[in-house]
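In the UniProt record's numbering, the protein residues as written are 1 to 306.
Spelled out as structure tokens, the structure:
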């Protein structure tokens, strides 16, 4: 990046309007109280299921667990063929070929974390090799982490250049850029990181790795939704949003759907543009779906534990 381009990038990021902390938290809290009636709730649950990136990112992951999770992603409720599939399965690069063997030709995407997830603390050549290996194994979506240390030190050029390089390494795969908002410190930094990632070519911006205490929150997601809305207005390019970590219940998911509807509208109410990064959320959605369909809850052991 040239000195002029570096200066332009810094001017863009520090020229963004500051976030009104009280205002954004109040608006997120108000939208979080909206209720969804029964007829709309059924549609909301099915939409939320279709938006789930069903995720397992544990050191103890086994091929058997990943195959079972992938089968569940395709048929979340084997007893009900009307239940939609989820958006994607998200795994470590080593497990991509295992998931690919189940998901091929199902319409369910295969996402892989990469770039030294979750810390991002690795040389660029290692990050690029990680990305290329995941794509070669069958991943059509890559979830990369930014270097939070570089961002917080003000080295926006390093973060920008790494995103550009990883995007190129992705080839045809979509790139989700994880900001790890719980480590960014301020709402202003969340807005700057969102714009930085989008300007560098991100297809999605994602809140969190799920590996730090503070993960997705409604106020942070509201800021990111406003960022993608304003970015499209300025550039004409639409970017998706993925909150991840700590979203466990149908009630939580509905709050996020209301947030989308009231902030960016129907254009983002699609798994093409909004995802939930979650492991336990799907079971609660399935239990609530069964309740609406049959009038009673399924037992807690009716659906597989992931």
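Quick reminder that beta carbons are idealized off the backbone N, C-alpha and C, glycines included.
Query	Result
Euclidean distance between Cα positions of residue 154 and residue 16	15 Å
Backbone secondary structure at residue 155 - three-state DSSP	coil
Presumed contact (8 Å Cβ cut-off) between residue 130 and residue 175, rounded CB distance	Residue 130 to residue 175, Cβ: 13 Å. No contact.
Start-end ranges of the alpha helix (DSSP H) lying completely within the segment 205 to 260, minimum 4 residues	218 to 235
Within-7 Å CB hit, residue 206 to chain B	Judged by its chain identifiers, the structure shown contains no chain B, having just a single protein chain.
Residue(s) in a DSSP beta bridge with residue 113	143
Residue 285 versus residue 49 - alpha carbon distance	7 Å
Per-residue burial, residue 18 [other beta carbons within 10 Å of its own, 16 or more giving buried]	exposed
Pick from 118, 102 and 26 that is closest to residue 259, judged by C-alpha positions	26
Cβ-Cβ distance between residue 182 and residue 214 below 7 Å	yes
Beta-carbon proximity of residue 115 to residue 95, cut-off 7 Å	no
Where residue 184 sits in the DSSP three-state scheme	coil
Where residue 72 falls, given that 16 or more other Cβ within 10 Å makes a residue buried	buried
Counterpart residues of residue 55 in DSSP-defined beta bridges	90
Local Cβ density within 10 Å of residue 58, reported as buried at 16 or more and exposed below that	exposed
Selection from 185, 120, 216 and 140 that minimises the alpha carbon distance to residue 163	120
Same chain, Cβ closer than 8 Å to residue 240, neighbours up to 5 away in sequence not counted	176, 203, 204, 205, 228, 268, 272, 273, 274 and 275
Check whether residue 157 and residue 6 have beta carbons under 7 Å apart	yes
Secondary structure of residue 177, DSSP reduced to three states	strand
Closer than 6 Å: residue 212 CB and nearest the ligand SAM heavy atom	Here there are no bound small molecules, and the ligand SAM is not part of this structure.
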